[in-house]
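Here's the structure, in structure tokens; my notes come after.
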Amino acid sequence: MEQQTIGQAEKAFFEKEGYLVLKRFFSEEAVSALNEAYHKVWMELMADGKIVQAANRPFDSLYPRLRDYHRGNEIITRFILDDRVMDALEALTGEEMLACQTSYYFKAPGAKGLPLHQDNYSIGAYPDTTYAIWVSLDVSDERNGGLRVVPGSHVFDIVSPESVHEKVNVYGKRIQVPDGFEQKELANDIGDVVIFNGNLLHGSSDNHSRDSFRRAIVTHYARASVEKITLNYSYLLNSKGEKVRRKLNPAARVVETKESLFDFKEAKFFDQIIHRG
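In this text, residue positions in the sequence shown follow UniProt numbering: the first is 1, and each later residue adds one.
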């Protein structure tokens, strides 16, 4: 595993484009250990009957997103608080960071992609925004559900998605690419890291493959100076793994609209998310 540093060129790119790719940041051994930890979690959930198979999606519904399973799991916690991760974030922001939330994606064959969205819409970090570390745990591209970004779109305030027919978007919501901006598909290898600003428009493509998972873990962080936050405000982790808290932000955009891009139970397509209790 090569030591990667954040220099002035990387920082300038991140500030201009809102994201930064660090190639092969994690070793395949580290990725394998993380995947094994989540496989054990998945096996326990299956054994307990907590994963519900959908009749219209009999395969990919067996592999839901797993949210916040870093809690109480030393392997996952150690991964998201890796010294090099925290150092990279601090180099980009000039500040120590707090881990707010994790989501692990299996992205099984046939799984739908996420529409364009902004992370701080639902996380509600204030002031400033959130910062994501997205780690590619499989080789990924547009064919099997790779990450897509809209470079430079982090300059926009948080916007609310518009309602659309499910034939347009299975989630029933959409944010269109702003005029003058273009969507970019990212191709990543195992262990690649994509860091992006919480206001950046991003999403993922559908997994069109028949035999390729596109596993990934995304961890959302906020500056240590954050005053208020909506999601997991009472269960944040500092770089030492200590639980800290901030004031609840009751005014995040997701609270104002009473909607979430990822919890549309009224839509025909509902992506089950298993939360760590």
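Every residue, glycine too, gets a C-beta built ideally from N, C-alpha and C.
With distances taken from CA atoms, which of Ile-76, Val-244, Leu-34, Tyr-19 is nearest Leu-137? Leu-34
For a minimum of 4 consecutive residues, which ranges assigned as the alpha helix (DSSP H) are wholly contained in the segment 78-111? 83-93
Just tell me which of Leu-116, Lys-40, Gly-18 has its CA closest to the CA of Arg-174. Taking each of Leu-116, Lys-40, Gly-18 in turn and checking the Cα distance to Arg-174, the smallest one comes out for Leu-116.
Tell me the rounded alpha-carbon separation between Thr-102 and His-70. 7 Å
Once DSSP output is grouped into helix, strand and coil, what is the label at His-117? Reduced to three states, the DSSP call for His-117 is strand.
Hey, Asn-238 and Gly-124 are a contact pair by Cβ (cut 8 Å); roughly how many whole angstroms apart? Your pair Asn-238 and Gly-124 does not check out as a contact, with CB atoms roughly 19 Å apart and the cut at 8 Å.
Suppose you measure from the CA of Phe-13 to the CA of Gln-118; what does that come to, to the nearest Å? 19 Å
Own chain partners of Ala-99 with C-beta closer than 7 Å, once the 5 adjacent residues on each side are dropped: Ile-80, Leu-81, Thr-219, Tyr-221, Leu-236, Leu-237
What did DSSP end up calling Ser-122 once you bin it into helix, strand or coil? Helix at Ser-122.
When burial is assigned at 16 or more other CB atoms within 10 Å of the CB, is Pro-64 buried or exposed? Looking at its Cβ environment, which holds 16 or more other Cβ atoms inside 10 Å, Pro-64 is buried.
Could you compute how far the alpha carbon of Gln-53 sits from the alpha carbon of Leu-45? Roughly 12 Å between the two C-alpha positions.
Check whether the Cβ atoms of Val-139 and Ala-216 lie closer than 9 Å to each other. no
Mark Ser-32 as exposed unless 16 or more other C-beta atoms lie within 10 angstroms of its C-beta, in which case mark it buried. exposed
Can you give me the start and stop residues for the beta strand (DSSP E) that Tyr-19 sits inside? Residues 19-22.
Taking Glu-95 and Ala-224 to be in contact with their CB atoms under 8 Å, please state how far apart those CB atoms are, rounded to whole angstroms. 6 Å
Per-residue burial, Phe-264 [other beta carbons within 10 Å of its own, 16 or more giving buried]: Residue placement at Phe-264 cannot be trusted, given a pLDDT of 37 that sits under 50; the coordinates are not used to answer.
If you count every other CB in all the chains shown that lies within 10 Å of the CB of Thr-5, and 16 or more means buried, which is it? Answer is exposed; the Cβ neighbour count stays below 16.
Look at the alpha carbon of Gly-241 and the alpha carbon of Asp-179, and state the distance between them as a whole number of angstroms. 42 Å
In angstroms, rounded to a whole number, what distance separates the CA positions of Val-21 and Ala-30? If I take the Cα positions, the gap works out to 18 Å.
Burial state of Val-168, where buried means 16 or more other Cβ atoms lie within 10 Å: Model confidence at Val-168 stands at a pLDDT of 47, short of 50, so the residue's coordinates are unreliable; what they give is reported in the following sentence. Only exposed fits Val-168, as fewer than 16 other CB atoms lie within 10 angstroms of its CB.
For His-39, the first and last residue of its enclosing beta strand (DSSP E): Run containing His-39: none in the beta strand (DSSP E); it sits in the alpha helix (DSSP H), 28-47.
So is Val-155 buried or exposed if we call it buried at 16+ other beta carbons inside 10 Å? That one is exposed.
With a threshold of 8 Å, are at least 3 pairs of Cβ atoms found where one atom belongs to the segment 141-155 and the other to the segment 200-212? Using a Cβ-Cβ distance cut-off of 8 Å, the segment 141-155 and the segment 200-212 are in contact, since at least three pairs of beta carbons, one from each stretch, lie closer than that value.
Could you check whether Glu-162 and Gln-176 sit closer than 9 Å to each other, using their CB atoms as the reference points? yes
With a 10 Å radius around its C-beta and 16 neighbouring C-beta atoms as the bar for buried, classify Lys-247 as buried or exposed. exposed
In the DSSP assignment, find the beta strand (DSSP E) that holds Ile-273 and state where it starts and stops. 273-275
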